[in-house]
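Asker: The sequence shown runs 38 to 291 under my numbering. Backbone N, C-alpha and C define an ideal beta-carbon position, used for all residues, glycine too.
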Amino acid sequence: MDLMDGFYEILMRERYIPYTAVSTPGGMIWEWLVMPQGLSNAPATFDRCVTNLLQSLLEFAPSYFDDFFVHSRAMDGKTDVEVHKIHVRKVLTLMREHKLFTNLKKCTFAAKEIPLLGFIVGMNDVRPDPEKIKAISDWTVLVDVKGLRKFLGLAAYLHKYTRNYAEMTVHLSRLLKKNERRSWSAECQHSFEGIKKILIQSPVLAIADRDRPFHVVCDASNFAIGCALMQYDSDGVERVVGYQSPQLQAAERN
């Protein structure tokens, strides 16, 4: 659900109104009575306001700035759809009480999955946005440091889908060091192709179930350490919730 003109729902403190003044070509002075989007602290203020308003509903309606996401599961003998209707009504009731309005054109109801911050979030799992995977697969060759940085930046954004990501990028990361002699070696090409291959395979992670126990699988090499957060689902199948793998610094390798 998307809030309509959310920033404009917050009134400016009277003593700060003069700081928002703008002069028009016609010589008129305009001041904002509500919070404009250009203020440096406006996003944080708005996010804090929405989070506080939804505090009682955070269990099923988390927010990200002017968007909130209502998710539901079957419970107490009710189907997931029935529970979802209850949750949506609670959110809409709270919005009505605080005079908040939604932009219906940007709202999606009763969806099985939604795009969120570069990922596709479903009922039981989350996967990378296909557009980001396509960008990785279309990357044919790295010709300079700038291109390498862009590739590693995108790959790092998706690193939690990649097992032993830090170890796989050791040779590529070295090329970004200022005093390193840059040479595209066979190891670099192998790392480049390996990262692409893993991400193109469309990895899927399980959504963590806080009511079930977790366990961690660890691994280490001379250059990096890694782990996978694991969990058994309701069918007894072991699922990966996420991967983490930092590279070891020189002192840590001793």
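Determine the contact status of Ala265 and Val274, defining contact as a CB-CB distance below 8 Å.
Answerer: In this structure, Val274 does not lie closer than 8 Å to Ala265 by Cβ.
Asker: Cα-Cα, which of Leu48, Val241, Ser210 is closest to Lys183?
Answerer: Checked all of Leu48, Val241, Ser210; the closest Cα to Lys183 is Ser210.
Asker: What's the gap between the Cα of Val253 and the Cα of Met267?
Answerer: Cα to Cα, the separation comes out at about 6 Å.
Asker: Where does Lys197 land, buried or exposed, given buried means 16+ other C-beta within 10 angstroms?
Answerer: Under this definition Lys197 is a buried residue.
Asker: Which residue marks the beginning of the beta strand (DSSP E) containing Pro71, and which one marks its end?
Answerer: What sits at residue 71 in the sequence shown is Val, not Pro. No beta strand (DSSP E) contains Val71, which DSSP labels as neither H nor E.
Asker: Relative to the C-alpha of Leu94, which residue among Thr130, Glu168, Ile262 is closest?
Answerer: Of the candidates Thr130, Glu168, Ile262, the one whose C-alpha sits nearest the C-alpha of Leu94 is Thr130.
Asker: Among residues of its own chain, excluding the 5 on either side of Ile237, which ones have a beta-carbon nearer than 7 Å to its beta-carbon?
Answerer: Cβ neighbours of Ile237 beyond the five flanking positions: Ile170, Ile173, Ser174.
Asker: Given a cut-off of 8 Å, decide if Leu195 and Pro165 are closer than it, judged by their beta-carbon atoms.
Answerer: Yes, the Cβ-Cβ distance between Pro165 and Leu195 is below 8 Å.
Asker: Could you name each continuous beta strand (DSSP E) segment of 3 residues or more that falls completely within the stretch 102 to 178, going from the start of the chain to the end?
Answerer: Entirely contained in the stretch 102 to 178, the beta strand (DSSP E) runs reaching 3 residues are, in chain order, 151 to 153, 156 to 158, 162 to 165.
Asker: Quick one: Cα of Gln313 to Cα of Asp42, how far?
Answerer: In the structure as shown, the chain begins at 38 and stops at 291. Residue 313 is therefore absent and cannot be evaluated.
Asker: Is the Cβ-Cβ distance between Asp270 and Ala243 less than 8 Å?
Answerer: Yes, Cβ-Cβ distance for Asp270 and Ala243 is below 8 Å.
Asker: What do you reckon, are the CB atoms on Val128 and Phe102 nearer than 8 Å?
Answerer: No.
Asker: Return the CA-CA distance between Ile54 and Arg85, expressed in angstroms with no decimal places.
Answerer: Distance between the alpha carbons of Ile54 and Arg85: 20 Å.
Asker: Check whether the Cβ atoms of Val207 and Ala148 sit closer than 8 Å, and answer yes or no.
Answerer: No, Cβ-Cβ distance for Val207 and Ala148 is not below 8 Å.
Asker: Taking all protein chains shown into account, do 16 or more other C-beta atoms lie within 10 angstroms of the C-beta of Glu230, making it buried, or fewer, making it exposed?
Answerer: Exposed.
Asker: My guess is that Arg110 and Val120 are in contact by the Cβ rule of under 8 Å, so how many angstroms apart are they, rounded?
Answerer: With 8 Å as the limit, Arg110 and Val120 qualify as a contact, their Cβ atoms being about 7 Å apart.
Asker: In terms of DSSP beta bridges, what is Met267 paired with?
Answerer: Its beta-bridge partners are His252, Val277.
Asker: Provide the residue span of the alpha helix (DSSP H) that contains Ile235, from first to last.
Answerer: Here the alpha helix (DSSP H) through Ile235 covers 223 to 237.
Asker: Which residue wins for smallest C-alpha separation from Glu168, given the options Val180, Leu70, Leu154, Thr61?
Answerer: Of the candidates Val180, Leu70, Leu154, Thr61, the one whose C-alpha sits nearest the C-alpha of Glu168 is Leu154.
Asker: Where does Asp84 fall in DSSP's three states?
Answerer: It is helical.
Asker: Measure the CB-CB distance between Thr57 and Glu68 and report whether it falls below 8 Å.
Answerer: It is a contact, given that the beta carbons lie within the stated cut-off.
Asker: Which residues mark the beginning and the end of the alpha helix (DSSP H) in which Arg290 is found?
Answerer: Segment 287 to 290, the alpha helix (DSSP H) holding Arg290.
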